[in-house]
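Numbering (this note's numbering), first residue to last: 29 to 221. Take a look at the structure set out below.
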């Protein structure tokens, strides 16, 4: 995320915020698409056997994408993109904010990290008979997906956040256009010249 040398500190701050908006939009779009797929294919109803791992994997992808805008991000050379400000959460209903907190907890304690305390690990010796025992590591189901109701609320929350970010981008973009490179269609995905 290189900034032009002539950018003012105020505009550098605005650019960082703008980059957060762009990155967050992509993350919420992914979370929304995954939540939509989970609901549309009724994966919660089929949560057994082969669909167990599919629902767990999709839930993990959805939660990680949804949480990225709130999880910190340090770029190259210490240039950081700030977290999405809490003011964006004002568009969410009370229940959506509750689910927001649940998914942040799941991301931080179960999905992106292994938190031994949150996992409530409890190794237990199971006595098979008088001469045999086996150690059973009891722990929380760290990959248990959100239930259908919570997934629906995350679907709704991600859509509201997408709309809020689109409005923010539309309002911020004109003043920042001068800082972005110009490219023709054949250069769009190439290296800057």
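Where a beta carbon is used, it is the ideal one built from N, C-alpha and C, also for glycine.
Excluding the 5 residues flanking residue i on each side, which residues of the same chain have their C-beta closer than 8 Å to its C-beta?
i: residue 156; result: 162
i: residue 120; result: 128, 185, 188 and 189
i: residue 84; result: 171, 172 and 173
i: residue 75; result: 83 and 173
Using C-beta distances below 6 Å, list every residue in its chain close to residue i, excluding the 5 sequence neighbours before and after it, in chain order.
i: residue 26; result: Given a span of 29 to 221 for the chain in the structure shown, any question on residue 26 remains unanswerable.
i: residue 89; result: 62
i: residue 151; result: 163 and 165
Across which residues does DSSP place residue i in a beta bridge pair?
i: residue 161; result: 155
Ends of the alpha helix (DSSP H) at residue i?
i: residue 62; result: 37-68
i: residue 198; result: 176-204
i: residue 34; result: First-last for residue 34: undefined, no H or E at that position.
i: residue 134; result: 122-134
When burial is assigned at 16 or more other CB atoms within 10 Å of the CB, is residue i buried or exposed?
i: residue 126; result: exposed
i: residue 154; result: exposed
i: residue 192; result: buried
Between residue i and residue j, how many whole angstroms is the CB-CB distance? I'm expecting something under 8 Å.
i: residue 286; j: residue 135; result: Residue coverage of the chain in this structure runs from 29 to 221, which leaves residue 286 outside it and unanswerable.
i: residue 31; j: residue 50; result: Not really, about 15 Å apart at Cβ, beyond 8 Å.
Excluding the five sequence neighbours on either side, which residues of its own chain have a C-beta within less than 7 Å of the C-beta of residue i, listed in chain order?
i: residue 177; result: none
i: residue 139; result: 88, 91 and 92
i: residue 58; result: 93
i: residue 132; result: 95 and 98
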